[in-house]
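K.L.:
The working numbering applies: residue 1 is where the sequence shown begins, and numbers increase by one.
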Amino acid sequence: MKKITTALISVYHKDGLEPVLSALKDKGVNIFSTGGTYDYILEKGYKAETVESLTSYPSILGGRVKTLHPKVFGGILARRDNVADKDTLLQYQIPEFDLVIVDLYPFEETVRTTDDEQAIIEKIDIGGISLLRAAAKNFNDVLVVSSSDQYTDLIEILEENDGSATLHDRKRFASKAFDVSSHYDTAIYNWMSDDSADSFKQSISKSSVLRYGENPHQKGVFYGNLDEMFGQLHGKAISYNNLQDLDAAVALIDEFDDTAFAILKHNNACGLAVRDKLVDAWKDALAGDPVSAFGGVLITNRNVDKETADEINKLFFEIILAPGYEPEALSVLQQKKNRIILKRKEGKMQKQQFRTMLNGVLWQENDGVTETAGQLEAKTNKVPTAEEVEDLLFANKIVKHVKSNAIVLAKNKQLVGLGTGQTSRVDALKQAIEKAQNFKLSLENSVMASDAFFPFADSVEIAHKAGVTAVIQPGGSVRDEDSILYCNENNMAMVFTGVRHFKH
């Protein structure tokens with residue numbers, strides 16, 4: 001146990017501080033403070049001494065230097081069981097600080113709300129982070145509080161231990177302080193580095209422990225704030241695999257502005273349609289693969305009405321995510337106890353991707369390219385019709401989000417055939433054709449999208465015989481002319497995008 005007799009308090013955010021001040025007063029703790037915190041303490045009717053009265057130096061450089069002084073850091077870093085340290089404190093009349101309460105300037109919030117470089121720089125905390133590190137280093141003698149989230153815990157410690165703190169608590173709080181300081185430095189580095197590839201640094205403070213990872217024998221944690229992305233209206237806890245499907249679902253649905261409904265399974269679309277009415281989009285999305293849709297993840301970019309909910313409710317599914325739900329629709333969907341119902345918020349998707357790889361981390365930008373009609377380059381004698389162009393762009397949006405090798409067959413803005421994750425592009429195409437045939441979906445006058453070029457003409461030949469009349473692909477094969485020649489000989493249209501969309 002270490003008795004707390006003297007505290008240093010310097011916080012940017014004053015919310016929640018008053019109960020702490022009351023607890024410290026009850027335990028007879030002396031307080032030193034700075035600037036606005038000192039004024040706040042006095043306004044609330046508590047006593048405190050200024051740091052300036054200890055150091056005999058005023059706050060200078062517009063507040064840039066307030067606490068950076070030996071009489072402050074000496075009182076924090078002095079080892080209480082070290083005779084020489086104790087003699088030094090006595091010689092220079094330095095008080096021992098047993099408790100340090102500091103939070104940091106809101107750097108990340110400032111970066112989010114302004115592009116003013118000078119304003120951002122002024123929110124890089126120097127004194128505060130130095131105080132945190134000093135107090136955390138000397139956890140053997142000092143209790144450090146680095147976040148208002150710890151105030152309740154601090155008050156409980158003071159009450160339970162009659163104004164003292166255990167070594168266990170001091171070390172626990174010190175660990176949190178280093179977590180806060182390292183996160184803060186990472187945010188500053190990532191802002192200043194200007195996308196430098198010299199080193200990889202990421203820090204996310206909020207975490208959610210999941211029931212398990214990809215499989216029940218694996219542990220799983222999500223780092224991030226899911227509350228920014230959606231609100232859960234109903235159902236069981238979201239799992240690791242649910243989150244992977246949701247990530248894929250959001251990325252896919254965001255490709256579409258018109259009323260769209262998508263069904264995903266294992267991160268791949270198994271149904272998607274764009275229609276004027278939401279219920280029609282749902283029905284045609286489901287028709288694309290009603291077998292795979294069982295136990296799937298549903299997503300739409302429109303509010304769900306009761307008519308659509310009644311149709312959806314006929315299927316067993318894991319999750320639905322939508323911008324909103326009519327009250328009657330929500331009542332229908334909530335009939336299944338474990339069904340996860342999510343309402344989407346305005347949270348933004350990450351603009352970068354990274355994953356552990358071998359003995360390091362692999363990083364890349366998101367695939368943020370979505371082709372438009374003006375970017376398509378006709379390569380065949382036959383030019384696609386306006387309707388075919390719409391279907392080609394529709395299919396290309398989907399294939400971008402399908403595991404490679406990937407083929408998408410589409411017709412009238414409906415996904416009618418999908419080949420995914422195959423080791424050969426021909427196999428992916430055959431899988432897509434078989435899917436369509438299994439569900440009695442006509443491929444006559446359909447279109448085909450490929451995530452990468454065709455190395456031979458065999459794919460366009462197979463597609464043509466199945467009923468495909470137009471093809472969209474990146475191009476870039478040394479044998480592009482073979483595919484173009486086959487299309488010309490068989491009255492097919494083919495356009496190149498110049499952009500490959502591998503996804504692994």
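Note that the Cβ used here is the ideal one computed from N, Cα and C, for glycine as well. Keep in mind that this is a model prediction, so the values were computed, not measured.
Identify every run of the alpha helix (DSSP H) within the stretch 14–85, keeping only runs that are complete inside it and at least 4 residues long; order them along the chain.
P.N.:
Listed in chain order, they are 17–26, 35–43, 51–55 and 70–77.
K.L.:
SER203: which of GLU108, LYS123, LYS379 and VAL495 sits nearest, CA to CA?
P.N.:
Here residue 203 refers to the residue found at position 203 when the sequence shown is read from its first residue. Comparing Cα positions, the closest option is GLU108.
K.L.:
Can you tell me whether DSSP reads VAL96 as helix, strand or coil?
P.N.:
The count along the sequence shown starts at 1 and reaches residue 96 at position 96. A small fix is needed here, since residue 96 is Glu in this sequence, not Val. GLU96: coil per DSSP, three-state reduction.
K.L.:
I'd like to check one pair, ALA466 with LEU485: are the Cβ atoms closer than 7 Å?
P.N.:
Counted from its first residue, the sequence shown places residue 485 at position 485. Counted from its first residue, the sequence shown places residue 466 at position 466. Going by C-beta atoms, LEU485 is not nearer than 7 Å to ALA466.
K.L.:
Applying the 10 Å Cβ sphere with the 16-neighbour rule, what's the burial state of THR497?
P.N.:
Position 497 of the sequence shown holds residue 497. Under this definition THR497 is a buried residue.
K.L.:
Measure the C-alpha to C-alpha separation of LEU68 and VAL102 and round it to an integer number of angstroms.
P.N.:
Against the sequence shown, residue 68 aligns to sequence position 68. Against the sequence shown, residue 102 aligns to sequence position 102. Distance between the alpha carbons of LEU68 and VAL102 is about 14 Å.
K.L.:
Am I right that ALA177 and VAL144 are in contact with their C-beta atoms under 8 Å? What's the rounded C-beta distance?
P.N.:
Here residue 177 is taken as the residue at index 177 of the sequence shown, counted from 1. Here residue 144 is taken as the residue at index 144 of the sequence shown, counted from 1. Right, their Cβ atoms sit about 5 Å apart.
K.L.:
Report buried or exposed for ALA395, applying the criterion of at least 16 other Cβ atoms within 10 angstroms of its Cβ.
P.N.:
For the purposes of this step, residue 395 is taken as the residue at position 395 of the sequence shown. Its Cβ being crowded by 16 or more others within 10 Å, ALA395 is buried.
K.L.:
With a threshold of 16 other CB atoms inside 10 Å of the CB of VAL369, please say whether the residue is buried or exposed.
P.N.:
As a position in the sequence shown, residue 369 is number 369, starting the count at 1. Per the 10 Å Cβ criterion, exposed.
K.L.:
Roughly how many whole angstroms lie between the Cα atoms of LEU252 and ARG425?
P.N.:
If you number the sequence shown from 1, residue 252 lands on position 252. If you number the sequence shown from 1, residue 425 lands on position 425. LEU252 and ARG425: Cα-Cα distance of roughly 22 Å.
K.L.:
Tell me, which residues are paired with PHE222 by DSSP?
P.N.:
Counting from 1 along the sequence shown, the entry for residue 222 is found at position 222. DSSP lists SER208 as partners of PHE222.
K.L.:
Per DSSP, which one or two residues make a beta bridge with LEU321?
P.N.:
Taking the sequence shown and counting its residues from 1, one reaches residue 321 at position 321. According to DSSP, LEU321 bridges with ILE299 and LEU342.
K.L.:
Under 8 Å by Cβ, that's how I've got LEU278 and ASP305 pegged, so tell me the actual separation to the nearest angstrom.
P.N.:
As a position in the sequence shown, residue 278 is number 278, starting the count at 1. As a position in the sequence shown, residue 305 is number 305, starting the count at 1. About 6 Å; that satisfies the 8 Å criterion.
K.L.:
Taking three-plus beta-carbon pairs below 8 Å as touching, is the stretch 179–186 in contact with the stretch 5–22?
P.N.:
The answer is no - the stretch 5–22 does not touch the stretch 179–186, with fewer than three Cβ pairs under 8 Å.
K.L.:
Tell me the residue span of the alpha helix (DSSP H) that contains VAL250.
P.N.:
Position 250 of the sequence shown, counting from 1, holds the residue named residue 250. Start and end: 240–253.
K.L.:
Should MET229 be labelled buried (16 or more other beta-carbon atoms within 10 Å of its own) or exposed?
P.N.:
Here residue 229 refers to the residue found at position 229 of the sequence shown. Its Cβ being crowded by 16 or more others within 10 Å, MET229 is buried.
K.L.:
Per DSSP, which one or two residues make a beta bridge with LYS171?
P.N.:
Reading the sequence shown from its first residue, position 171 is the one you call residue 171. None; LYS171 has no bridge partner.
K.L.:
By Cβ distance below 7 Å, which residues in the same chain neighbour GLU307 in space, the five residues on each side in sequence not counted?
P.N.:
Counting from one through the sequence shown, the residue named residue 307 turns up at place 307. Counting only Cβ-Cβ distances below 7 Å, and skipping sequence neighbours, we find VAL279.
K.L.:
Please tell me whether ALA432 has its Cβ less than 7 Å away from any Cβ of chain D.
P.N.:
The displayed structure is made up of one protein chain only, and chain D is not part of it.
K.L.:
For the alpha helix (DSSP H) containing THR152, name the first residue and the last one.
P.N.:
What you label residue 152 is simply residue 152 of the sequence shown in a count that begins at 1. Element bounds for THR152: 151–160.
K.L.:
Out of LEU54, ALA48, GLU156 and LEU104, state which residue places its alpha-carbon closest to the alpha-carbon of TYR12.
P.N.:
For the purposes of this step, residue 12 is taken as residue 12 along the sequence shown, with counting starting at 1. If we check each option's Cα against that of TYR12, LEU104 comes out closest.
K.L.:
Who pairs with SER446 in a beta bridge, going by DSSP?
P.N.:
One-based indexing of the sequence shown puts residue 446 at position 446. DSSP lists VAL468 as partners of SER446.
K.L.:
Just to confirm before moving on: does the CB-CB distance between VAL250 and ALA260 stay below 7 Å?
P.N.:
Start at 1 with the first residue of the sequence shown, and residue 250 comes out as number 250. Start at 1 with the first residue of the sequence shown, and residue 260 comes out as number 260. Not a contact, by the Cβ cut-off of 7 Å.
K.L.:
Looking only at its chain, what residues have a beta carbon closer than 8 Å to the beta carbon of ALA7, apart from the 5 residues adjacent to it on each side?
P.N.:
As a position in the sequence shown, residue 7 is number 7, starting the count at 1. Contacts found: LEU24, VAL29, ASN30, ILE31, PHE32, PHE97, ASP98, LEU99, VAL100 and ILE101.
K.L.:
Candidates LEU315, VAL72, HIS266 and VAL83: which alpha carbon is nearest TRP282's?
P.N.:
Along the sequence shown, one-based indexing puts residue 282 at 282. Minimum Cα distance to TRP282 is reached at LEU315.
K.L.:
When you compare only the Cα positions, how much space is there between VAL209 and LEU264?
P.N.:
Sequence index remark: in the sequence shown, residue 209 carries index 209 (1-based). Sequence index remark: in the sequence shown, residue 264 carries index 264 (1-based). Using only the alpha carbons, I get a separation of about 24 Å.
K.L.:
Please name the residue, chosen from SER199, GLY163, ILE9 and ASP245, that lies closest to GLU49 on a Cα-to-Cα basis.
P.N.:
Position 49 of the sequence shown, counted from the start, is the residue given in the question as residue 49. When each option's Cα is compared against that of GLU49, the closest is ILE9.
K.L.:
Given GLY235, which residues of its chain have a CB within under 7 Å of its CB, disregarding the five upstream and five downstream residues?
P.N.:
If you number the sequence shown from 1, residue 235 lands on position 235. Correct list, in chain order: ASN338, ARG339, ILE340 and ILE341.
K.L.:
Kindly indicate the opening and closing residues of the beta strand (DSSP E) around GLU365.
P.N.:
In the sequence shown, counting from the first residue as 1, residue 365 sits at position 365. 360–365 is the span of the beta strand (DSSP E), which, as asked, contains GLU365.
K.L.:
For MET229, does the three-state DSSP call read helix, strand or coil?
P.N.:
Position 229 of the sequence shown, counting from 1, holds the residue named residue 229. MET229: coil per DSSP, three-state reduction.
K.L.:
Quick check on the DSSP output: the alpha helix (DSSP H) that includes ASN438 runs from which residue to which?
P.N.:
Position 438 of the sequence shown, counted from the first residue, corresponds to residue 438. From DSSP, the alpha helix (DSSP H) with ASN438 extends over 425–438.
K.L.:
Leaving out the 5 sequence neighbours to the left and right, which residues in its chain are closer than 7 Å to LEU243 when beta-carbon positions are compared?
P.N.:
Reading the sequence shown from its first residue, position 243 is the one you call residue 243. Excluding sequence neighbours, LEU243 sits near PHE222.
K.L.:
Could you tell me which residues DSSP pairs with HIS234 in its beta bridges?
P.N.:
Taking the first residue of the sequence shown as position 1, residue 234 is located at position 234. In the DSSP output, where bridge partners are listed per residue, HIS234 has ILE341.
K.L.:
Check each candidate in SER164, GLY296 and LEU246 and name the one with the smallest Cα separation from MET1.
P.N.:
Position 1 of the sequence shown, counting from 1, holds the residue named residue 1. It is SER164.
K.L.:
How would you call PHE507, buried or exposed, if buried means at least 16 neighbouring beta carbons within 10 angstroms?
P.N.:
Nothing about residue 507 can be reported from this structure: the residues present for the chain run from 1 to 504 only.
K.L.:
What three-state label does DSSP hand PHE107 in the structure shown?
P.N.:
Looking up residue 107 in the sequence shown gives position 107. Here PHE107 sits in helix by DSSP.
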